[in-house]
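Right, one structure below, let's go through it.
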Amino acid sequence: MHFWKSEWKPLLWIVLGFLVCFYLPVEIIQNSERLRNAFFESLYLVRWYAQEHVLLCLIPAFFIAGAIAVFISQESVMKYLGANANKVLAYGVASVSGTILAVCSCTVLPLFAGIYRMGAGLGPATAFLYSGPAINILAIILTARILGWQLGIARTVGAIAFSIIIGLLMALIFRKEELEKIEAQAGLPEPEVTRPLWQNALFFGVMVGILVFANWAQPATATGLWATIYTIKWWITAAFAIALAVILVAWFELNPGKVILIATVTAVLALRFSQQPMIPFTAGVMGLSWLTSTNKDEAGEWFSSSWDFAKQILPLLLLGVIVAGALLGRPGQEGLIPTAWIAQAVGGNSLLSNFVAAFAGAFMYFATLTEVPIIQGLIGSGMGQGPALALLLAGPALSLPNMLVIRSILGTQKTVVFISLVVVMATISGMVYGVVWG
944 MHFWKSEWKP LLWIVLGFLV CFYLPVEIIQ NSERLRNAFF ESLYLVRWYA
994 QEHVLLCLIP AFFIAGAIAV FISQESVMKY LGANANKVLA YGVASVSGTI
1044 LAVCSCTVLP LFAGIYRMGA GLGPATAFLY SGPAINILAI ILTARILGWQ
1094 LGIARTVGAI AFSIIIGLLM ALIFRKEELE KIEAQAGLPE PEVTRPLWQN
1144 ALFFGVMVGI LVFANWAQPA TATGLWATIY TIKWWITAAF AIALAVILVA
1194 WFELNPGKVI LIATVTAVLA LRFSQQPMIP FTAGVMGLSW LTSTNKDEAG
1244 EWFSSSWDFA KQILPLLLLG VIVAGALLGR PGQEGLIPTA WIAQAVGGNS
1294 LLSNFVAAFA GAFMYFATLT EVPIIQGLIG SGMGQGPALA LLLAGPALSL
1344 PNMLVIRSIL GTQKTVVFIS LVVVMATISG MVYGVVWG
């Protein structure tokens, strides 16, 4: 009897695994074109993700998250973003962070993990988690230009309101844990300040500048401010990189000779491979990793903390991208789930169509700006205006890879509540918008 009480779960998994193997429909899989497509779509998507996002987005984000953990005091995080902080300031900062960061649902994760582990309240932290990818200023402008100013305004207002409301509801639902967190941190001694606030602010500003401009997406038109910035984005990124090198020598006391060597190699590669900026960028990242990993002082702690975030987050993200590619494919391609099913399910402005749009958007992976042409195509296939907004509000902020990592940070219960709040609010917003503008 004791055996069945303690071992029924592993026995169940073994039996289920055996039944899957026993009845595995190999012939059907072999002859199914859709299954073959899904397999290759998963590989294409994960390759694209590795080429376009890991080096340019995730690695800078890991370094920023590691720096938050090492150089930002817990007291500072508690003061401005803690559960007991000034609500107007905490939620105000968190709700508009995306206009500065312009990151996707996966790139925001290391930054979210950094501030949450340093003591940020659940409410402000989840507000930041939602707003980071949802309020990308370039994506909002692109939405207004391509999908109409009504959707552009609705997306802006909805995303800012969502981040605040979701954060407040998360803090309210888990208020008991938040109170325990406040009590546990109340007796912590005040940490020593190693450098002035303005130096830390400049240090983080430079790293955010590298993250933002290295990932500056090409706009729809070749004229205007955004297009001009795109043409010189690597010059701007290089300027921030030079500023980072100066900071590392002046404030972190890293070896000037090593810094100059890395900067010289990166500059030579940039001139030699001017049409392939990933090569010098990779050299710069490798150089920074070498510099910090071989340092025994705070720069070494910075690398160690960044590496901890990478170990936890990157495998889950890549696994999630593979699964998302198999299920939904890349934009314009088919996975296991036919896009025609989604297009048919999101027509009109019913509760079901808005829910399907929000739910499907929550699991799909959208790189920065790709949601706009995808929704443009769905609207051309009969998608209603309400479901379009629901997808815009749920899609960029969530994805299957994103969910896997959030669960590893917050736990299953908080993750399910967060996802549910996003989907439900996106559904309601889509319905209201569809009634007004549909």
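Residue numbers (the working numbering): 944 to 1381. Glycine included, C-beta positions come from ideal geometry on N, C-alpha and C.
Among the residues of its own chain, which have a CB less than 6 Å from the CB of residue 1106, if the five just before and after it don't count?
Sequence-distant Cβ neighbours of residue 1106 in its own chain, meaning closer than 6 Å and more than five residues away, are 1038, 1070, 1073 and 1074.
According to DSSP, residues forming a beta bridge with residue 1326:
Beta-bridge pairing by DSSP links residue 1326 to 1290.
Contact set for residue 1195: own chain, Cβ-Cβ below 6 Å, skip 5 residues either direction:
Correct list, in chain order: 1242.
Through-space distance from residue 1226 to residue 1208, alpha-carbon basis:
Between residue 1208 and residue 1226, the C-alpha separation is close to 8 Å.
Backbone CA spacing between residue 1174 and residue 1053 [nearest angstrom]:
Rounded to whole angstroms, residue 1174 to residue 1053 spans 28 Å at the Cα level.
Please name the residue in 1353, 1327, 1317 and 1354 whose C-alpha comes closest to that of residue 1338.
For residue 1338, the closest of 1353, 1327, 1317 and 1354 by C-alpha to C-alpha distance is 1317.
Assess contact between the region 1252-1270 and the region 992-1005, defined as three or more Cβ pairs (one per stretch) separated by less than 8 Å. Is contact present?
Flag = yes, the region 1252-1270 and the region 992-1005 touch.
Which listed residue (1219, 1265 and 1192) has its alpha carbon closest to that of residue 1177:
Of the candidates 1219, 1265 and 1192, the one whose C-alpha sits nearest the C-alpha of residue 1177 is 1219.
Relative to the C-alpha of residue 1065, which residue among 1116, 1078 and 1015 is closest?
Among 1116, 1078 and 1015, the Cα nearest to that of residue 1065 is on 1116.
Can you give me the Cβ contacts of residue 1058 inside the same chain, cut-off strictly under 7 Å, excluding the 5 residues immediately before and after it?
Correct list, in chain order: 1011, 1020, 1024, 1068 and 1071.
Starting from the Cα of residue 1300, find the closest Cα among 1315, 1273 and 1335 and give me that residue.
When each option's Cα is compared against that of residue 1300, the closest is 1335.
Throw me the rounded Cβ distance for the residue 1082 and residue 1315 pair, which I believe falls under 8 Å.
That belief holds up - the Cβ atoms of residue 1082 and residue 1315 are roughly 7 Å apart, short of 8 Å.
Mind listing, in chain order, the continuous alpha helix (DSSP H) runs of no fewer than 4 residues lying wholly within the region 1186-1242?
Counting only runs of at least 4 residues, the region 1186-1242 fully encloses the following alpha helix (DSSP H) elements, listed from N- to C-terminal order: 1199-1215 and 1221-1236.
First through last residue of the alpha helix (DSSP H) which encompasses residue 1354
Here residue 1354 belongs to no alpha helix (DSSP H), and DSSP marks it neither H nor E.
Can you tell me whether DSSP reads residue 1086 as helix, strand or coil?
The answer is helix: DSSP assigns residue 1086 an H, G or I state.
DSSP on residue 1039, reduced to helix/strand/coil?
Residue 1039 falls in the coil class under three-state DSSP.
Buried or exposed for residue 976, please, with buried defined as at least 16 other CB atoms from any protein chain shown within 10 angstroms of its CB.
Label assigned to residue 976: exposed.
Quick one: what's got a C-beta closer than 6 Å to residue 1183's C-beta in the same chain, skipping five residues either side?
Result list for residue 1183: 1149, 1152 and 1153, in chain order.
In whole angstroms, what separates the C-alpha of residue 980 from that of residue 1277?
About 7 Å.
Tell me whether residue 1165 sits in a helix, a strand or coil according to DSSP, three-state version.
Shown here, residue 1165 sits in coil according to DSSP, grouped into three states, outside any helix or strand.
Let's test the definition: count the other Cβ atoms within 10 Å of the Cβ of residue 1391 and tell me whether it reaches 16, buried, or not, exposed.
Nothing about residue 1391 can be reported from this structure: the residues present for the chain run from 944 to 1381 only.
For residue 1101 and residue 967, I'd like the C-alpha separation in whole angstroms.
Going from the Cα of residue 1101 to the Cα of residue 967 covers about 46 Å.
Could you say which of 1157, 1112, 1034 and 990 lies nearest to residue 1362 if we only look at CA atoms?
It is 1112.
8 Å contact criterion, which residue 1269 and residue 1343 should meet: CB distance rounded
Contact between residue 1269 and residue 1343 is ruled out by a C-beta separation of about 10 Å, above the 8 Å threshold.
Closest residue to residue 1333 among 1215, 1297, 1224 and 1292 (Cα-Cα distance):
Ranked by Cα distance from residue 1333, the first of 1215, 1297, 1224 and 1292 is 1297.
Can you round the beta-carbon distance between residue 998 and residue 1273 to whole angstroms, since I take them to be within the 8 Å contact cut?
So it is not a contact: roughly 19 Å between Cβ atoms.
For residue 1056, does the count of other Cβ atoms within 10 angstroms reach 16, so buried, or fall short, so exposed?
Counting other Cβ atoms within 10 Å of its Cβ, residue 1056 reaches 16 or more and is therefore classed as buried.
Counted within 10 angstroms of its Cβ, other Cβ atoms place residue 957 as buried (16 or more) or exposed:
Residue 957 is exposed by the Cβ-count criterion.
Inter-residue Cα distance where the pair is residue 1369 and residue 1060
Their Cα atoms are separated by approximately 28 Å.
DSSP-derived helix/strand/coil call for residue 1297
If DSSP states are grouped into helix, strand and coil, residue 1297 belongs with the helices.
Tell me whether the beta-carbon of residue 1180 lies closer than 7 Å to the beta-carbon of residue 1210.
Contact: no.
Tell whether a beta-carbon distance below 7 Å holds between residue 1212 and residue 1222.
Yes, the Cβ-Cβ distance between residue 1212 and residue 1222 is below 7 Å.
Using DSSP with H/G/I as helix, E/B as strand and the rest coil, what is residue 917?
The requested residue 917 is not part of the displayed model; the chain covers only 944 to 1381.
Please report how far the alpha carbon of residue 983 lies from the alpha carbon of residue 1265, in whole angstroms.
Cα to Cα, the separation comes out at about 10 Å.
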